[in-house]
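Trainee: I have a structure here, written as structure tokens, and I will follow up with some questions on it.
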Amino acid sequence: MRKTDLKKAERLICSVLERNPRATCAELAAALGVCSRGVTDIVRRIRVSASAEALALLDAREKEIRSRWWAKRARDPEKVVAEIRAFAEELGRPPKMCDAGALACRAIRAFGSWNAALRAAGLSLFRVSLPGDPTSRREALVAAVRKAAEAIGRAPTCREYNRVCGGLSLPKAQAIQQFFGSWGKSLEEAGLTNPRDKRRELLQEAERILLSGALFVSASGLPGSHSEKTFVKRVLKEKDVRVLLMRKQSVEKLDAVARLNFPELPGLERAREFTLRAAAGEALVEIAASAGLSSERVRQLLQEYVGCVLGEGLSQRKRSETSREEAVASLRTAANLLAGIPTIKEYEELRRAGNGLVPFHKIWRTFGSWRAALGAAFLGQPPLAELNKDLNFPDIPASIAREVESSNPTFNKTLQNMTNV
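Going by our numbering, 20 is the number at position 16 of the sequence shown; the sequence numbering is gapless.
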């Protein structure tokens, strides 16, 4: 509506309100010829420049509307008081606003606040007055904490205190926390031990690990967050207990092997070396990189050594226990019989023919691969003739030596790289 039409709208609204002071927005909208949603905006704009008579009519209408709204929600104060008293008898104590539900809403509409309704019902309020003097207030709050501790039978947590403070007429835990700075400090002032003291819990966990006699502990088995685990690690490190980034089951087995002082086993010297390095805290990736192996292969060697020490893989080890010297001698015997470097298929055919050769799978288990075994047998250091003399291996024909020396350079290089695997 344009500004020039506001005077006309004012006259129309005044004429309607003179006939009906409680006119609704729909009635005013019908007189103005607009929708009911636009009436509120028009009335707001009219109030800016309306006459005193028009403002009086608008104020009277607003008052009538508010009185009509409150009339719908009016409650009998006596009835509300009776309901509060009956509810208090049912609970056996003065009810809290959180207990009352819809009754609290009716009481607030009738009396303005819940405390006013409790006063009207003659019930005690949930309000504890504290002294203004800081020293006296400190003593009162400390006494409240001690009283709650006596009721519970031990030092209460903040939540437990809030549960009993109402029945004991004690101040809220929030007031105690605000005065002392934290709930833990309030317990210290009262001479009580905080049951939720994380540091004490972590020290107890570290003590439990130390009492178990473990030499190694898995980091995944430690409780708490990263900072709490760091604290436990520091405590354990001071007691010569190492925390490893390995699975709990693997660390338990490693701990059992450490109690046996990492015994030496024939054919597992390198696996024992890797196990010692892992026990010293070196990661498997670092061990694999320095040894020129894959992390998976290092893990397999560790598992094999630990299993053999603990007897888990003893039967398998007995079936496949073959020294490097025996495997090399068997390969060179096969080379003499074939007058050339044997393939896996040729080697197995010779073994089945009854030549007393070591089974292929035992050689593979000793060296990790067929190429590594060939490299150890035909490309090892010192020279072949000297190696034969030292270990009493069968002589290698010159034709085989020439075949090794003149073989494919790529294959020859691969064998050399795999010699120490």
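Glycine included, each C-beta is placed from N, C-alpha and C at the ideal position. All values reported here derive from a predicted model rather than from experimental measurement.
1) Are the region 45-64 and the region 11-20 touching by the rule of at least three beta carbon pairs closer than 8 Å?
2) Hey, LEU354 and LEU335 are a contact pair by Cβ (cut 8 Å); roughly how many whole angstroms apart?
3) Label LEU226 either buried or exposed according to how many other C-beta atoms from any shown protein chain fall within 10 Å of its C-beta, with 16 as the threshold for buried.
4) With ALA152 and CYS169 assumed to form a contact (beta carbons below 8 Å), what rounded beta-carbon distance in angstroms separates them?
5) Starting from the Cα of ALA159, find the closest Cα among GLN178, GLY372, LEU174, GLY188 and give me that residue.
6) Give a yes or no on whether the C-beta atoms belonging to PHE266 and LEU280 are separated by under 8 Å.
7) Can you find at least 3 beta carbon pairs, one from the region 300-313 and one from the region 268-279, that sit closer than 8 Å?
8) Which runs of the alpha helix (DSSP H) fall wholly inside the region 104-160 and span at least 4 residues, in chain order?
9) Is the beta carbon of ARG301 sitting closer than 8 Å to the one on ALA380?
10) List, from N- to C-terminal side, the alpha helix (DSSP H) runs of 4 residues or more that fit wholly inside the region 308-378.
11) Rounded C-beta distance between PRO25 and ARG89? I'm assuming under 8 Å.
12) Please check the pair ALA124 and VAL85, which I expect to be a contact at CB under 8 Å, by giving their CB distance rounded to whole angstroms.
13) If contacts are defined as beta-carbon pairs under 8 Å, then LEU36 and ILE50 qualify, I think. What distance do you get, rounded to the angstrom?
14) Take LEU264 and list the residues in its own chain whose beta-carbon comes closer than 8 Å to its own, dropping the five residues that flank it on each side.
15) Which whole-angstrom value is the C-beta distance of VAL149 and SER190, which I expect to be below 8 Å?
16) Can you grab the Cα-Cα spacing for the pair ARG163 / GLU94, in whole Å?
17) Starting from the Cα of GLY283, find the closest Cα among ILE69, ALA377, VAL245 and give me that residue.
18) Are the CB atoms of VAL255 and PHE220 nearer to each other than 8 Å?
19) Measuring CA to CA, which of GLU286, PHE115, GLY195 is closest to MET250?
20) Taking all protein chains shown into account, do 16 or more other C-beta atoms lie within 10 angstroms of the C-beta of ASP259, making it buried, or fewer, making it exposed?
21) For SER40, report the span of its alpha helix (DSSP H) as first-last.
22) Taking the alpha helix (DSSP H) that ARG163 falls in, what are its first and last residues?
23) Less than 8 Å between the beta carbons of SER364 and GLU352, yes or no?
24) With DSSP collapsed to three states, give me the class of PRO25.
25) So, using beta-carbon positions, are SER128 and PRO98 closer together than 8 Å?
26) Quick one: Cα of ALA339 to Cα of ASN359, how far?
27) Please name the residue, chosen from THR347, ILE367, ALA357, that lies closest to GLU431 on a Cα-to-Cα basis.
28) Suppose the cutoff is 6 Å on Cβ atoms and the five residues either side in sequence are ignored; what does the same chain contact list for TYR309 look like?
29) Based on Cα-Cα distance, which residue from ALA92, LEU378, ALA34, ALA13 lies nearest to THR347?
30) Which word fits LYS257, buried or exposed, when buried means at least 16 other C-beta atoms lie within 10 angstroms of its C-beta?
31) Using the C-alpha atoms, what's the distance from PRO138 back to GLY157?
Mentor: The answer reads as follows:
1) yes
2) Residue numbering aside, residue 354 sits at position 350 when the sequence shown is read from its first letter. Residue numbering aside, residue 335 sits at position 331 when the sequence shown is read from its first letter. Contact doesn't hold; Cβ gap of about 11 Å is too wide.
3) Here residue 226 corresponds to residue number 222 of the sequence shown, with the count starting at 1. Per the 10 Å Cβ criterion, buried.
4) As a first step, residue 152 must be located in the sequence shown, where it is residue number 148. As a first step, residue 169 must be located in the sequence shown, where it is residue number 165. Confirmed, Cβ separation roughly 7 Å.
5) What you label residue 159 is simply residue 155 of the sequence shown in a count that begins at 1. Selected option, being the one with the closest Cα: GLY188.
6) As a position in the sequence shown, residue 266 is number 262, starting the count at 1. As a position in the sequence shown, residue 280 is number 276, starting the count at 1. In this structure, LEU280 lies closer than 8 Å to PHE266 by Cβ.
7) Judged by Cβ distances under 8 Å, the region 300-313 makes contact with the region 268-279, as three or more pairs qualify.
8) 106-115, 118-124, 138-156
9) As a first step, residue 301 is located in the sequence shown; it is residue number 297 there, counting from the start. As a first step, residue 380 is located in the sequence shown; it is residue number 376 there, counting from the start. It is not a contact, given that the beta carbons lie outside the stated cut-off.
10) Within the region 308-378, the complete alpha helix (DSSP H) runs of at least 4 residues are 318-324, 328-342, 348-356, 364-371.
11) In the sequence shown, residue 25 corresponds to position 21, counting from 1. In the sequence shown, residue 89 corresponds to position 85, counting from 1. About 40 Å separates the two Cβ atoms, so there is no contact after all.
12) By one-based count along the sequence shown, residue 124 stands at place 120. By one-based count along the sequence shown, residue 85 stands at place 81. With a Cβ gap of about 5 Å, ALA124 and VAL85 count as contacting.
13) Position 32 of the sequence shown, counted from the start, is the residue given in the question as residue 36. Position 46 of the sequence shown, counted from the start, is the residue given in the question as residue 50. So it is not a contact: roughly 11 Å between Cβ atoms.
14) In the sequence shown, the residue the question calls residue 264 occupies position 260. Non-local C-beta neighbours of LEU264 in its own chain, meaning closer than 8 Å and more than five positions away in sequence, comprise VAL313, ordered along the chain.
15) Reading the sequence shown from its first residue, position 145 is the one you call residue 149. Reading the sequence shown from its first residue, position 186 is the one you call residue 190. That belief holds up - the Cβ atoms of VAL149 and SER190 are roughly 6 Å apart, short of 8 Å.
16) Reading the sequence shown from its first residue, position 159 is the one you call residue 163. Reading the sequence shown from its first residue, position 90 is the one you call residue 94. The alpha-carbon atoms of ARG163 and GLU94 are separated by roughly 25 Å.
17) Position 279 of the sequence shown, counting from 1, holds the residue named residue 283. Reading off the sequence, residue 283 comes out as Ala, not Gly. Selected option, being the one with the closest Cα: VAL245.
18) The count along the sequence shown starts at 1 and reaches residue 255 at position 251. The count along the sequence shown starts at 1 and reaches residue 220 at position 216. Against a cut-off of 8 Å, the Cβ pair of PHE220 and VAL255 comes out as a contact.
19) Residue numbering aside, residue 250 sits at position 246 when the sequence shown is read from its first letter. Each of GLU286, PHE115, GLY195 was checked against the Cα of MET250, and the nearest Cα belongs to GLU286.
20) In the sequence shown, the residue the question calls residue 259 occupies position 255. So ASP259 ends up on the buried side.
21) Residue 40 sits at position 36 when you count from the first residue of the sequence shown. No alpha helix (DSSP H) holds SER40; DSSP gives it neither H nor E.
22) One-based indexing of the sequence shown puts residue 163 at position 159. Segment 162-169, the alpha helix (DSSP H) holding ARG163.
23) The residue labelled residue 364 in the question sits at position 360 within the sequence shown. The residue labelled residue 352 in the question sits at position 348 within the sequence shown. This sequence places Phe at residue 364; Ser is not what is there. Here PHE364 is near GLU352, since their CB atoms are less than 8 Å apart.
24) As a position in the sequence shown, residue 25 is number 21, starting the count at 1. Per DSSP, reduced to three states, the secondary structure at PRO25 is coil, with no helix or strand assignment.
25) Residue mapping note: residue 128 aligns to position 124 of the sequence shown, counting from 1. Residue mapping note: residue 98 aligns to position 94 of the sequence shown, counting from 1. Cβ distance < 8 Å, so SER128 and PRO98 count as in contact.
26) On the sequence shown, position 335 is the one that residue 339 refers to. On the sequence shown, position 355 is the one that residue 359 refers to. Each residue's Cα considered, the two are about 12 Å apart.
27) The chain is shown only over 5 to 425; residue 431 falls outside these bounds and no answer can be derived.
28) Indexing the sequence shown from 1 puts residue 309 at position 305. Only LEU272, ALA275, ARG276, THR279 meet the Cβ criterion.
29) Locating residue 347 in the sequence shown gives position 343, where the first residue counts as 1. Looking at the Cα atoms, LEU378 is the closest of the given residues.
30) Here residue 257 refers to the residue found at position 253 of the sequence shown. Answer is buried; the Cβ neighbour count reaches 16.
31) Residue mapping note: residue 157 aligns to position 153 of the sequence shown, counting from 1. Residue mapping note: residue 138 aligns to position 134 of the sequence shown, counting from 1. Going from the Cα of GLY157 to the Cα of PRO138 covers about 28 Å.
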